[in-house]
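74 is the number of the first residue of the sequence shown in this note's numbering; add one for each residue after it.
We put the beta carbon where it would ideally sit given N, CA and C, even for glycine.
No experiment lies behind these values; they were computed from the predicted model shown.
Working notes, beginning with the structure itself.
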Amino acid sequence: MSPLTRSSFRFGVALLLASAVSAASAHEGHEHGNSPDPVSAEAPFIQENAAAMETMMAGMDSKPTGDIDRDFVAMMSAHHQGAIDMAVTLLKYGHNEQLKRMAQEIIVEQQQEIAAMRLAIGDPLPPSVASPTQTPRVTQP
């Protein structure tokens, strides 16, 4: 699988993760009659995920510079960062351990691909930071 196809696949997985969490949350609320409203309980996740998507789309809508390689890296970096941000949101609010492990993998792999693309065009790497794969889980009221 080519890097671009793999990247698109991972982005699709990130979107699938968000949908699965949404469906699971809604289902959990119906199973337990005394649970809070699933939509309001999910509101922080939805807001953070929407912000990640908005930031990603704005980053991908950059003005062409005349350097195809740099333009590609700029757009793909924003795309990959969006997947990272959505995966972090799943880690923060999600319940399914299998999906959370997948989100951790998405974070690490997308960070590596951003770094590889930056190196390919001669840009310096950003300062090293810890991977946000172990975010504290938010408890719902």
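CA nearest to the CA of THR138, picked from MET148, GLU121, MET175: For the purposes of this step, residue 138 is taken as residue 65 along the sequence shown, with counting starting at 1. The shortest C-alpha separation from THR138 is found at MET148.
Cβ-based neighbour list, ASP144, same chain, cut-off 8 Å, excluding 5 preceding and 5 following: Counting from one through the sequence shown, the residue named residue 144 turns up at place 71. Sequence-distant Cβ neighbours of ASP144 in its own chain, meaning closer than 8 Å and more than five residues away, are SER135, PRO137, THR138.
Cβ neighbours of ASP142 in the same chain (closer than 8 Å, five flanking residues each side left out): Taking the sequence shown and counting its residues from 1, one reaches residue 142 at position 69. Excluding residues within five positions, the ones whose Cβ falls inside 8 Å are ALA193, ILE194.
CB contact flag (ALA176, LEU164, <8 Å): Against the sequence shown, residue 176 aligns to sequence position 103. Against the sequence shown, residue 164 aligns to sequence position 91. For ALA176 and LEU164, yes; Cβs fall inside 8 Å.
GLN154 to PRO199 span [Cα, whole Å]: By 1-based counting over the sequence shown, the position of residue 154 is 81. By 1-based counting over the sequence shown, the position of residue 199 is 126. Roughly 13 Å between the two C-alpha positions.
Exposure of SER150, with buried meaning 16 or more beta-carbon neighbours within 10 Å: Along the sequence shown, one-based indexing puts residue 150 at 77. Around the CB of SER150, 16 or more other CB atoms lie within 10 Å, so the residue is classed as buried.
Range covered by the alpha helix (DSSP H) that runs through VAL181: Indexing the sequence shown from 1 puts residue 181 at position 108. Element bounds for VAL181: 170–193.
Euclidean distance between Cα positions of ASP158 and SER113: Taking the sequence shown and counting its residues from 1, one reaches residue 158 at position 85. Taking the sequence shown and counting its residues from 1, one reaches residue 113 at position 40. So the alpha carbons of these two residues sit roughly 21 Å apart.
Nearest-angstrom Cα separation, counted from ASP110 out to GLU178: As a working mapping, residue 178 is identified with position 105 in the sequence shown. As a working mapping, residue 110 is identified with position 37 in the sequence shown. If I take the Cα positions, the gap works out to 31 Å.
Assigned exposure category for GLU127 - 16 Cβ within 10 Å defines buried: Here residue 127 is taken as the residue at index 54 of the sequence shown, counted from 1. Exposed, by the Cβ-count rule.
Alpha helix (DSSP H) segment containing GLY155, residue limits: In the sequence shown, the residue the question calls residue 155 occupies position 82. Where GLY155 is concerned, the enclosing alpha helix (DSSP H) stretches over 141–166.
PRO117, DSSP secondary structure in three states: Here residue 117 refers to the residue found at position 44 when the sequence shown is read from its first residue. Collapsing the DSSP output to three states places PRO117 in a helix.
Rounded C-alpha distance that separates ASN169 from ARG191: Taking the first residue of the sequence shown as 1, we reach residue 169 at position 96. Taking the first residue of the sequence shown as 1, we reach residue 191 at position 118. Each residue's alpha carbon lies about 33 Å from the other.
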